[in-house]
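S.K.: If you scroll down you'll find the structure; I have some questions about it.
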Amino acid sequence: MNWPYIQYLIGRLLMVLSLLMLPSLLVAVIYQNGIKVILSFVISMVITFIVGKVMSFRQPEKDVFFAREGFVLVSLSWFLISLFGALPFYLSGAVYSFVDALFEAVSGFTTTGASVLVDTLDVLPESLMFWRSFTLLVGGMGMLIFLLYIVPNMGAKGVYVMRAELPGPTTGKLESRVSSSIYILYFIYLFLTVVFAVLLWMAGVPWFESMLLSMGTAGTGGFNIYPSSIAHYDSRAVETILLVAMFTFGLNFNFFYLAYERRWKEILKDEELKWYIYIILGALAIISFALIPYYDNFFRMIHDVLFNIVSIMSTTAYTTVDILQWPTAAHTTILLLMFVGGMSGSTASGLKVIRIGIYLRSIKREIQHLLAPNRVIPMTYNGKRIEKNVHYGIVYYLMTYLAVFVLILVVLSFDAQNFSSAFSATIATISNIGGSLDLLGPSQDYASLSDFSKIVMSVGMIIGRLEIYPVVILLSRSTWRKF
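Quick note: our numbering has the sequence shown finishing at residue 518, numbered continuously throughout.
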């Protein structure tokens, strides 16, 4: 394990993090948030930069960097950026407990969007609201990808970082041209964020709030500005814009790269995209059928159901209605969607559509094999044969996911009001969705939980964001054996 090089890269990353606090500092000055808030950002920037500078003061001569180093780098970095990212919340005095501040930072960088704050407009000044949403934007594409900017000579080593950080079982065409791909994707990512912010502003949302909503949507985290979430605006136009935005950012980032190269046929033929749409339409049919007695306006019902389905699958968790008032069939469907999540290679978390699709396809093949034992039935995805190691990897991941889920569920059950509260909160944590049907409601407030539960959920959010294995590798004995 090349610890000196990992330390060096984490130090460079912390220096970048300190610079990323600058926009929030400017917001604090512009909105005159007070000297204490301004100093909280200045002190946070200085501390983060100094620590990063000390860690990266000398570049190691040995720069061997393989998969294990990539996973450890990603895991350690996520914990550390959350730790330093919590400083502005705590030093400003807006969040009194450091555990709460850490929870808020972890929730942002992991694009979860869960919050311990009941009414952010009354609790947080504009600069901290901006910082909170900005962590979603940064965490969306992955803080670690910034390493490819500050370490341009990483070359092929950058692929190991991408494999460890980018969500989903595949990174598609991106690995072939790491540096150029990342520049293109970040441009598209930021461009779409600005476009949707402008559209929201044109629809009547104040400019500052439109930026917060757009950054939250881009990161598919969706910190709420108001307790009633998007229902506060009571605007079909705003809801429609956010619906399109959430669907867009729930797609595989590789599609953006293919669209940039005008390879539209590859996008339209992608099987995961088809499964993604089929799941949305299937859930729409089930929930709409269950809600028929609850709505007088059919089109309004379809709009509400579609918005909340896409919101859940993209793991943004914005809401337009109080889904607690929906029938049990709708709750069950939404809980299942929380497990599924978005597409691989997107900012969304969860099990991912591609894993669910391949797993169900493997079940179908096993049934066919039972009916015809001598028949050779290859399993394919996008016209390519799926190797056994990929299939086994998905099965092992599902089992590991279930084990982690049960562990977090048991811990949270000591603190939750009832089993359904603990169950839904656990899904919200490990799938990085933020909202929970029973414990929280649309406001997504975790303030009532104990500090221990908040810490467990913070770790769970990082595990879910990094898809378990990087954290497992970090905690394994072999990783620390030769420290």
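Just so it is clear, CB atoms sit at the ideal spot from N, CA and C, and this is done for glycine as well.
When burial is assigned at 16 or more other CB atoms within 10 Å of the CB, is residue 190 buried or exposed?
M.R.: Residue 190 sits at position 155 when you count from the first residue of the sequence shown. Because the pLDDT at residue 190 is just 48, under 50, the model does not fix this residue reliably, and the value given afterwards should be weighed accordingly. Label assigned to residue 190: exposed.
S.K.: Rounded to a whole number of angstroms, what is the C-alpha to C-alpha distance between residue 53 and residue 383?
M.R.: Stepping through the sequence shown from its first residue, residue 53 is reached at position 18. Stepping through the sequence shown from its first residue, residue 383 is reached at position 348. The straight-line gap from Cα to Cα measures roughly 25 Å.
S.K.: Quick check on this structure: which residue in 142, 115, 64 has the alpha carbon closest to the alpha carbon of residue 500?
M.R.: Sequence index remark: in the sequence shown, residue 500 carries index 465 (1-based). Here the closest residue by C-alpha is 142.
S.K.: State the Cα-Cα distance for the pair residue 267 and residue 339, rounded to the nearest angstrom.
M.R.: To locate residue 267, count along the sequence shown from 1; it is residue 232. To locate residue 339, count along the sequence shown from 1; it is residue 304. If you take the alpha carbons of residue 267 and residue 339, they lie about 14 Å apart.
S.K.: Roughly how many angstroms lie between the CA atoms of residue 218 and residue 234, to the nearest whole one?
M.R.: On the sequence shown, position 183 is the one that residue 218 refers to. On the sequence shown, position 199 is the one that residue 234 refers to. C-alpha separation (whole angstroms): 24 Å.
S.K.: So residue 255 packs on residue 284, CB below 8 Å; how close in whole Å?
M.R.: Translated into positions along the sequence shown, residue 255 becomes position 220. Translated into positions along the sequence shown, residue 284 becomes position 249. The Cβ separation is near 5 Å, so the contact holds.
S.K.: Can you give me the Cβ contacts of residue 272 inside the same chain, cut-off strictly under 6 Å, excluding the 5 residues immediately before and after it?
M.R.: By 1-based counting over the sequence shown, the position of residue 272 is 237. Same-chain partners within the cutoff: 238.
S.K.: Expressed to the nearest angstrom, what Euclidean distance is found between the alpha-carbon atoms of residue 231 and residue 374?
M.R.: The residue labelled residue 231 in the question sits at position 196 within the sequence shown. The residue labelled residue 374 in the question sits at position 339 within the sequence shown. Distance between the alpha carbons of residue 231 and residue 374: 27 Å.
S.K.: Using three-state DSSP, classify residue 479 as helix, strand or coil.
M.R.: Here residue 479 refers to the residue found at position 444 of the sequence shown. Reliability fails at residue 479, whose pLDDT of 45 lies under 50, so the model's placement of it is uncertain and the value that follows must be treated cautiously. The answer is coil: DSSP assigns residue 479 none of H, G, I, E or B.
S.K.: Is it true that the CB of residue 429 sits closer than 7 Å to the CB of residue 393?
M.R.: Taking the first residue of the sequence shown as position 1, residue 393 is located at position 358. Taking the first residue of the sequence shown as position 1, residue 429 is located at position 394. Yes, Cβ-Cβ distance for residue 393 and residue 429 is below 7 Å.
S.K.: Roughly how many angstroms separate the alpha carbons of residue 391 and residue 68, rounded to a whole number?
M.R.: Here residue 391 corresponds to residue number 356 of the sequence shown, with the count starting at 1. Here residue 68 corresponds to residue number 33 of the sequence shown, with the count starting at 1. The straight-line gap from Cα to Cα measures roughly 47 Å.
S.K.: Please report the distance separating the alpha-carbon of residue 46 from that of residue 88.
M.R.: Taking the sequence shown and counting its residues from 1, the one referred to as residue 46 is at position 11. Taking the sequence shown and counting its residues from 1, the one referred to as residue 88 is at position 53. Roughly 6 Å separates the two Cα atoms.
S.K.: Using a Cβ-Cβ cut-off of 6 Å (strictly less than) and excluding sequence neighbours within five positions of residue 203, which residues of its own chain qualify?
M.R.: On the sequence shown, position 168 is the one that residue 203 refers to. Any answer about residue 203 is weak, because its pLDDT of 49 lies below 50 and its placement is not dependable; what the coordinates show is given next. 379, 380, 387, listed in sequence order.
S.K.: Sort out for me which residues DSSP pairs residue 410 with in a bridge.
M.R.: In the sequence shown, residue 410 corresponds to position 375, counting from 1. DSSP output for residue 410 lists no bridge partner at all.
S.K.: Identify the residues that DSSP records as bridge partners of residue 419: which are they?
M.R.: By one-based count along the sequence shown, residue 419 stands at place 384. DSSP lists 416 as partners of residue 419.
S.K.: Measure the alpha-carbon distance for residue 328 versus residue 287 and round it to whole angstroms.
M.R.: Locating residue 328 in the sequence shown gives position 293, counting from the first residue. Locating residue 287 in the sequence shown gives position 252, counting from the first residue. Approximately 36 Å between the Cα atoms of the pair.
S.K.: Name the two residues that bound the continuous alpha helix (DSSP H) containing residue 95.
M.R.: Position 60 of the sequence shown holds residue 95. Residue 95 -> no alpha helix (DSSP H), and no H or E assigned at all.
S.K.: Please name the residue in 113, 469, 149, 135 whose C-alpha comes closest to that of residue 123.
M.R.: Stepping through the sequence shown from its first residue, residue 123 is reached at position 88. Answer by Cα proximity: 135.
S.K.: What number of angstroms, rounded off, separates the C-alpha of residue 269 from the C-alpha of residue 405?
M.R.: Sequence index remark: in the sequence shown, residue 269 carries index 234 (1-based). Sequence index remark: in the sequence shown, residue 405 carries index 370 (1-based). Residue 405 has its alpha-carbon roughly 54 Å from the corresponding atom of residue 269.
S.K.: Could you check which residue in 275, 102, 458 has the C-alpha nearest to that of residue 444?
M.R.: Here residue 444 refers to the residue found at position 409 of the sequence shown. Comparing Cα-Cα distances from residue 444 to each of 275, 102, 458, the minimum goes to 458.
S.K.: Give the DSSP-derived three-state secondary structure of residue 257 in the structure shown.
M.R.: Along the sequence shown, one-based indexing puts residue 257 at 222. If DSSP states are grouped into helix, strand and coil, residue 257 belongs with coil.
S.K.: Can you round the beta-carbon distance between residue 171 and residue 146 to whole angstroms, since I take them to be within the 8 Å contact cut?
M.R.: Counted from its first residue, the sequence shown places residue 171 at position 136. Counted from its first residue, the sequence shown places residue 146 at position 111. The pair is a contact, with the Cβ atoms about 5 Å apart (cut-off 8 Å).
S.K.: For residue 510, does the three-state DSSP call read helix, strand or coil?
M.R.: Your numbering for residue 510 matches position 475 in the sequence shown. In this structure, residue 510 counts as helix in the three-state DSSP scheme.
S.K.: Helix, strand or coil for residue 49? Go by DSSP, reduced to three states.
M.R.: On the sequence shown, residue 49 is found 14 positions in, with the first residue counted as 1. When secondary structure is reduced to three states using DSSP, residue 49 falls in the helix class.
S.K.: Any idea what DSSP makes of residue 501, helix, strand or coil?
M.R.: The residue labelled residue 501 in the question sits at position 466 within the sequence shown. Note: residue 501 maps to coil in three-state DSSP.
S.K.: How long is the line joining the alpha carbons of residue 440 and residue 65, rounded to whole angstroms?
M.R.: As a working note, residue 440 is residue 405 in the sequence shown. As a working note, residue 65 is residue 30 in the sequence shown. When rounded, the distance between both Cα atoms is 43 Å.
S.K.: Do residue 321 and residue 347 have their C-beta atoms closer together than 7 Å?
M.R.: The residue given as residue 321 occupies position 286 in the sequence shown. The residue given as residue 347 occupies position 312 in the sequence shown. The answer is no: Cβ separation not under 7 Å.
S.K.: Measure how close the beta-carbons of residue 508 and residue 106 come, nearest whole angstrom, since I'm counting them as under 8 Å.
M.R.: Sequence index remark: in the sequence shown, residue 508 carries index 473 (1-based). Sequence index remark: in the sequence shown, residue 106 carries index 71 (1-based). So it is a contact: roughly 4 Å between Cβ atoms.
S.K.: Can you tell me the Cβ-Cβ gap for residue 103 and residue 36, rounded? I've got them flagged as a contact below 8 Å.
M.R.: In the sequence shown, the residue the question calls residue 103 occupies position 68. In the sequence shown, the residue the question calls residue 36 occupies position 1. Yes, they are in contact, since the Cβ atoms of residue 103 and residue 36 sit about 7 Å apart, within 8 Å.
S.K.: Please name the residue in 437, 297, 221 whose C-alpha comes closest to that of residue 466.
M.R.: Along the sequence shown, one-based indexing puts residue 466 at 431. Nearest C-alpha to residue 466: 437.
S.K.: List the endpoints of the continuous alpha helix (DSSP H) containing residue 462.
M.R.: Along the sequence shown, one-based indexing puts residue 462 at 427. It spans 454–465 - the alpha helix (DSSP H) in which residue 462 sits, taken as one unbroken run.
S.K.: Keeping to the same chain, check which residues put their C-beta closer than 7 Å to that of residue 396; ignore five residues upstream and five downstream.
M.R.: The residue labelled residue 396 in the question sits at position 361 within the sequence shown. 414, listed in sequence order.
S.K.: Which residues in the same chain have their Cβ closer than 8 Å to the Cβ of residue 319, if we skip the five residues on either side of it in sequence?
M.R.: Your numbering for residue 319 matches position 284 in the sequence shown. Closer than 8 Å at Cβ, skipping near neighbours: 337, 340, 341, 344.
S.K.: Are there 16 or more other CB atoms within 10 angstroms of the CB of residue 125, so buried, or fewer, so exposed?
M.R.: On the sequence shown, position 90 is the one that residue 125 refers to. Under this definition residue 125 is a buried residue.
S.K.: Run through the region 250–297 for me and flag every whole alpha helix (DSSP H) of 4 or more residues, listed as ranges in chain order.
M.R.: 271–284, 288–295
S.K.: In whole angstroms, give me the CA-to-CA distance for residue 39 and residue 407.
M.R.: On the sequence shown, position 4 is the one that residue 39 refers to. On the sequence shown, position 372 is the one that residue 407 refers to. Their backbone Cα atoms lie some 56 Å apart in a straight line.
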